[in-house]
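Q: Protein sequences appear in the order of chains V and H. Position 29, counted from 1, in the first sequence is what our numbering calls 35; the numbers after and before it change by one each time, with no gaps. Position 39, counted from 1, in the second sequence is what our numbering calls 45; the numbers after and before it change by one each time, with no gaps. Glycine included, each C-beta is placed from N, C-alpha and C at the ideal position. No experiment lies behind these values; they were computed from the predicted model shown.
2 protein chains.
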Amino acid sequence: MSTAQNYDVFQAIADPTRREVLHLLLDNNLSIAEITSHFDMSRTAIAKHLHVLEKANLVNGTRSGREKIYRLHPEPLTELRDWLSYYERFWNNKLLKLKFVVENE
Amino acid sequence: MSTAQNYDVFQAIADPTRREVLHLLLDNNLSIAEITSHFDMSRTAIAKHLHVLEKANLVNGTRSGREKIYRLHPEPLTELRDWLSYYERFWNNKLLKLKFVVENE
DNA sequence: TTGACATAACACCATTTGGTTTTATATAAT
DNA sequence: ATTATATAAAACCAAATGGTGTTATGTCAA
Numbered sequence: 007m008s009t010a011q012n013y014d015v016f017q018a019i020a021d022p023t024r025r026e027v028l029h030l031l032l033d034n035n036l037s038i039a040e041i042t043s044h045f046d047m048s049r050t051a052i053a054k055h056l057h058v059l060e061k062a063n064l065v066n067g068t069r070s071g072r073e074k075i076y077r078l079h080p081e082p083l084t085e086l087r088d089w090l091s092y093y094e095r096f097w098n099n100k101l102l103k104l105k106f107v108v109e110n111e
Numbered sequence: 007m008s009t010a011q012n013y014d015v016f017q018a019i020a021d022p023t024r025r026e027v028l029h030l031l032l033d034n035n036l037s038i039a040e041i042t043s044h045f046d047m048s049r050t051a052i053a054k055h056l057h058v059l060e061k062a063n064l065v066n067g068t069r070s071g072r073e074k075i076y077r078l079h080p081e082p083l084t085e086l087r088d089w090l091s092y093y094e095r096f097w098n099n100k101l102l103k104l105k106f107v108v109e110n111e
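#1: Would you list, in sequence order, the uninterrupted alpha helix (DSSP H) runs of no fewer than 4 residues that lie entirely inside the stretch 23–57 of chain V?
#2: For proline 80 of chain V, which residues in chain H fall below 8 Å Cβ to Cβ?
#3: Any idea what DSSP makes of leucine 90 of chain V, helix, strand or coil?
#4: Please confirm if the stretch 38–56 of chain H is in contact with the stretch 37–56 of chain V, defined as three or more CB-CB distances below 8 Å between the two stretches.
#5: Three or more C-beta pairs closer than 8 Å, one from the stretch 18–27 of chain H and one from the stretch 14–21 of chain V: is that the case here?
#6: Quick check on glutamate 60 of chain H: does DSSP put it in helix, strand or coil?
#7: For the stretch 38–70 of chain V, list every residue whose C-beta sits within 8 Å of some C-beta in chain H, in sequence order.
#8: Return the bridge partner residues of valine 65 of chain V from the DSSP annotation.
#9: Rank H/Tyr93, H/Arg25, H/Val58 by C-alpha distance to the C-alpha of leucine 83 of chain V and give the top, closest one.
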């Protein structure tokens, strides 16, 4: 974790804690301490998760006094959306086939 | 990997090799050997990745003679799509704000 | 300037992950 | 029946992951 170099979005969102952090940041910009208060985990652990999210460019933290405020930056999720769209097309085809069957009855 | 019990979709697609396997299965149902031929990796390694995908219910393999044919089963990706939709809404809001600024000029 | 607070930077650790090689089992073909 | 083929199962290993605790470092407030 601490030695990782190139986190992509898929790896970043693989961890449920990190997904929950993103969810929290959907509503408010939060400091590390505030984020930590939502979890049963040390501040250091949360800080590491935030670094992973930061490397994936899913959040960015700006220093404000002695606090670091993290803000959501969801743009990289477009990569995920684009990847998914490939399979959505497959679902749609299946739905169309189903519809075709129904219409033929 | 071999001792894992409860793979979820997010973990399953975190690995680039597994994403490529899914992509291959989008076009054809393939045996382990056929899938392996697309990678620079042992058949055993690919079989393990297929087990992970199988536990996440993203593929299902059926025995046919001495081959095991894997077929894509994309339905569990709906979980991913639903999770993503939360953030798509956020992007749309940003776009609307941008449009508003432009119209005010 | 001292003390409290928020984060950063380390060193450390157990478990998981992603691969290997080896051995076994089942099926197909000759 | 024998041999080749396809997968399964197991033992093994290095590196990554997800945590911990401890020790700086910087900032705010009294």
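A: Taking the definition as stated:
#1: 38–42
#2: Here residue 80 of chain V is taken as the residue at index 74 of the first sequence, counted from 1. Those are Tyr93, Phe96, Trp97, listed as they occur along chain H.
#3: The sequence position of residue 90 of chain V within the first sequence is 84, counting from 1. Residue state, collapsed to three classes: helix.
#4: no
#5: yes
#6: Stepping through the second sequence from its first residue, residue 60 of chain H is reached at position 54. Glutamate 60 of chain H falls in the helix class under three-state DSSP.
#7: none
#8: For this step, residue 65 of chain V is matched to residue 59 along the first sequence. Per DSSP, V/Leu78.
#9: Taking the first sequence and counting its residues from 1, one reaches residue 83 of chain V at position 77. For the residues H/Tyr93, H/Arg25, H/Val58, the minimum Cα distance to leucine 83 of chain V belongs to H/Tyr93.
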